[in-house]
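So the structure is just underneath, and the comments pick up after that.
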Amino acid sequence: MIGKTDKSPQLHMYQVPIIQFINKEHELYQLSERINWDEIEQDLTDYYCVDNGRPSIPIRKIVGVVLLKRMFNESDESVVDRWKENPYWQHFCGEVNFQHNWPFDPTELIKFRHRMGEKGMERILKISIDLFEKKEIQEKQVLVDSTVQEKNITYPTDPKLQKKIIEKCRAIAKKEGVVLRQSYKRTLKQLMIDQRFREHPKRRKKANAAARKIKVIAGRVVRDLERKLNTEQLGRYEEDLQLFHRVLKQTQKDSNKIYSLHEPEVRCIAKGKEAKKYEFGNKVSIAKTMKSGIIVGALSFNDNPYDANTLDPQLQQVERLTGKLPKTAITDRGYRGKKKVLGVEIRIPGKLPAKATNYEKQKARKYFRARAGIEPVIGHVKHDHRMIRNYLSGTQGDVINTLLAATGFNLMKMLRRIKAETIAWCQNLHGTVVHYMNIKIWSRENQWVFQA
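Right, here's the structure in full:
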C-alpha cells in the first residue's frame, strides 16, 4: 500500500515547525519548491500495490533521500544520519516538524532501488532534466562519450579467484554438514605467500609452482565436495559449482573470463589510459548538451560494445528524456564508422575536405574544442556522485548507479545556479556579471542569464 503524505498537517504543541527556523532564500529550499513532487508521486505510484499490505514510506520522503544521497555523495547509512540533523534536508523530503530520528532504516533504500528498476530511475533522471528551461535541454548539439564504471571488486588474479573457490567450498561443506577429505588451511596460507612477486627473477620459479598448486587444490576440493553432496544439495548449489568449474577451466587468453565470483558479469575494459591500462566493470555512455552542460542521457551496457554501436540506444534515451532528438552529436574518434544515426549527424574530429572554406574549418574546430567539455563532466559524475566505484550488485545495479549519478550531477548544477542567482539578487547587481562556482550570471531584460 502507498504511504501518503499529509498535505495539510496539524501543528503539534510539542514539536517545532521547520519553516519557522530555516531561511526561505536557501538554495535547497528553493530547489524543493521547483520540483513537482505531485507529478513524481503520480508517476511512481505504478510501482506500488494500491490496497494490500502495510503503508509504504511516502514517495516524496524516500525519493528526496535518494536525491540527497546522490547530490552530496553519501552512503545509505550516512545519508539517514545527516538527514536527522539537517532541517533543510528534512524540509526537502516533505517534513513539516523537525524530526530527531532516522526517516527510515537504510535497508529501505535497497528495496526502493529494486522496486523502481531501470524505468523508475530513468523517470527520476527526467526530474532533474525538467528543472531546466526547454531551450536548454533541447539544444541542437549534444556531446557523447563513453567511460568505464568500475565495480567494487579487488584486482583480479587467478590465484585469488581459486583461493576464494576453496573458501566457498569450505563454507558450503560446513553449512551442509559435509566433511571434506582435507581443508588445506595451513597449506593454502603458505602457498598464497609463495606465489607473490613472481616478476622477480629469483622468485619466478617458486611463485609459478605455488600458483599451479593452488589451482590443483581448488580442483580437488570442488570434486570432493561434488562427490559428497546428495542430489538435492547438488541442485541447490548447481550454479555455484558450474561457476567454479568455469573459473578453473579458463586460460589467460580466453574471452569473457570470470573476474569475480560475486560479480561474474564484470568485464575487463582497456581505455588506453597510461596510469590505468585496464578497468574492471561495465561501459557507460554519457550525453550532455553542448552549451548549457546538462546531462540528458546516461546509459549502462552489460558488455563492452564498440562505441559507435552505443549511439542508437543513447540517442533514443535522449529523445525519451527531452522530447526531441538533437541535430548533431559530437563524439571522439572512438565512434568512427557511422555518419548518421536516427537522422542525427555524427561529427568526429578529422581532416576536412580540401575545398572547405575558412568559415567551415573554424566552425568545425569550435565544435571539436567544445567536445572536450564532456571529459570534466564525466570526472565530476564519477568522483562527486558515486560512479567512481559501483557498490550496487548485479547488472541492474550498474544501470541504477549510472542513472542516479547523472541525476545528482544535474541537481547540483541547478543548486549552484540557484545560489548564484540568490547572491546576485541580494547584492542587487543588475547589469553586472557575477562569477560563482564556474557559473557566470548577469541580468538581461529583467531576466537572469546563466553560462556554465
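Here the sequence shown is numbered in the working numbering, starting from 15 and rising by one per residue. All C-beta atoms in this analysis are idealised placements derived from N, C-alpha and C, irrespective of residue type, glycine included. Computed from a prediction, not measured in an experiment: that's the story for all the values here.
Endpoints, the beta strand (DSSP E) within which residue i is located
i: Leu313; result: Ile309 to Phe315
i: Glu359; result: Val358 to Arg361
i: Gln550; result: Since the first residue of the chain shown is 15 and the last is 466, residue 550 is not available in this structure.
i: Val158; result: Gln155 to Glu164
i: Ile344; result: Thr342 to Ile344
Beta bridge counterpart(s) of residue i as assigned by DSSP
i: Cys282; result: Phe294
i: Pro31; result: Asn111
i: Lys354; result: Glu359
i: Ser299; result: Ser160 and Leu313
i: Asn404; result: Lys165
Nearest residue (CA-CA) to residue i, options the options
i: Leu205; options: Pro173, Cys107, Pro215 and Ala185; result: Pro173
i: Lys291; options: Tyr169, Tyr102 and Asn244; result: Tyr169
i: Leu175; options: Arg250, Asp119 and Gln264; result: Gln264
i: Leu243; options: Glu122, Lys189 and Tyr381; result: Lys189
i: Gly295; options: Leu406, Phe126 and His26; result: Leu406
i: Gly357; options: Lys140, Asn87, Lys154 and Thr121; result: Lys154
i: Phe146; options: Arg347, Phe382, Tyr349 and Leu335; result: Leu335
i: Gln410; options: Pro120, Ile124 and Ser46; result: Ile124
i: Glu12; options: Ala370, Thr345, Leu366 and Lys369; result: For the chain, the structure presents residues 15 to 466; residue 12 sits outside this window and is missing.
i: Thr171; options: Arg226, Lys199 and Arg217; result: Arg226
i: Ile392; options: Ala370, Asp412 and Ala312; result: Ala312
i: Tyr43; options: Gly78, Ile141, Asn323 and Ser70; result: Gly78
i: Ser46; options: Glu288, Pro101, Met130 and Arg379; result: Pro101
i: Gly351; options: Tyr373, Ala368, Lys338 and Tyr320; result: Tyr320
i: Leu425; options: Val395, His214 and Gly408; result: Val395
i: Val158; options: Asn323, Arg431, Leu139 and Val413; result: Asn323
i: Leu81; options: Ile49, Arg68 and Pro69; result: Ile49
i: Gly337; options: Val93, Arg127 and Ile151; result: Ile151
i: Gly131; options: Asp412, Glu435, Ile432 and Ala434; result: Asp412
i: Ala325; options: Gln29, Tyr349, Arg210 and Lys148; result: The question names Ala, yet the displayed sequence has Leu at residue 325. Ranking Gln29, Tyr349, Arg210 and Lys148 by Cα distance to Leu325 puts Tyr349 first.
i: Arg431; options: Asn87, Tyr373, Thr371 and Ser306; result: Ser306
Range of the contiguous alpha helix (DSSP H) that encloses residue i
i: Asp326; result: Leu325 to Thr336
i: Trp116; result: Trp116 -> no alpha helix (DSSP H), and no H or E assigned at all.
i: Ala221; result: Arg218 to Lys242
i: Tyr273; result: Element bounds for Tyr273: n/a, residue is neither H nor E.
i: Asp65; result: Premise fails: Asp65 is in no alpha helix (DSSP H) and is neither H nor E.
i: Ile49; result: Counting along the chain, Ile49 falls outside any alpha helix (DSSP H), and DSSP gives it neither H nor E.
i: His397; result: Ile388 to Asp398
i: Gly131; result: Thr121 to Asp144
i: Gly78; result: Ile73 to Met85
i: Leu257; result: Glu252 to Lys263
i: Ile36; result: First-last for Ile36: undefined, no H or E at that position.
i: Glu190; result: Asp172 to Glu190
i: Val94; result: Asp90 to Trp97
i: Asn372; result: Asn372 to Arg385
i: Tyr102; result: Pro101 to Phe106
i: Lys365; result: Counting along the chain, Lys365 falls outside any alpha helix (DSSP H), and DSSP gives it neither H nor E.
i: Glu150; result: Lys148 to Ile151
Cut-off 7 Å between Cβ atoms - residues of its own chain near residue i, not counting five sequence neighbours on either side
i: Val156; result: Ala301, Lys302, Thr303, Met304, Val310, Val332, Pro340 and Ala343
i: Glu293; result: Val162, Glu164, Ile283 and Lys285
i: Gln104; result: Ile32, Trp97, Phe112 and Gln113
i: Arg260; result: Ile272
Beta-carbon contacts of residue i that lie in its chain and below 8 Å, excluding the five residues immediately before and after
i: Arg12; result: The structure shown has nothing for residue 12, since the chain only spans 15 to 466.
i: Leu202; result: Lys177, Ile180, Ile228 and Ile231
i: Glu240; result: Leu248 and Leu255
i: Asn115; result: Lys98
i: Leu194; result: Cys183, Arg184, Ala187, Val235, Asp238, Leu239 and Lys242
i: Arg212; result: Arg218, Ala221, Asn222 and Ala225
i: Met85; result: His399, Gly422, Leu425, Met426 and Leu429
i: Leu262; result: Gln176, Ile179, Lys229, Ala232, Gly233 and Val236
i: Gly364; result: Arg347
Any non-hydrogen atom of the ligand ATP closer than 7 Å to residue i Cβ
i: Ser299; result: Among the components modelled here there is no ligand, and therefore nothing to report on the ligand ATP.
6 Å CB neighbourhood of residue i in its chain, flanking five on each side removed
i: Val298; result: Thr161, Gln163, Ser314 and Thr416
i: Pro72; result: Gly17 and Thr19
i: Phe126; result: Ile76
i: Gly387; result: none
Any contact between the region 314 to 322 and the region 275 to 284? By contact I mean 3 or more CB pairs, one from each, below 8 Å. yes
With a cut-off of 8 Å, do at least 3 Cβ pairs link the region 57 to 64 to the region 31 to 39? no
contact_flag[the region 61 to 68, the region 135 to 148] where n(CB pairs < 8 Å) is 3 or more: no
Do three or more CB pairs link the region 393 to 401 to the region 415 to 426 at distances below 8 Å? yes
Are the region 226 to 240 and the region 174 to 191 touching by the rule of at least three beta carbon pairs closer than 8 Å? yes
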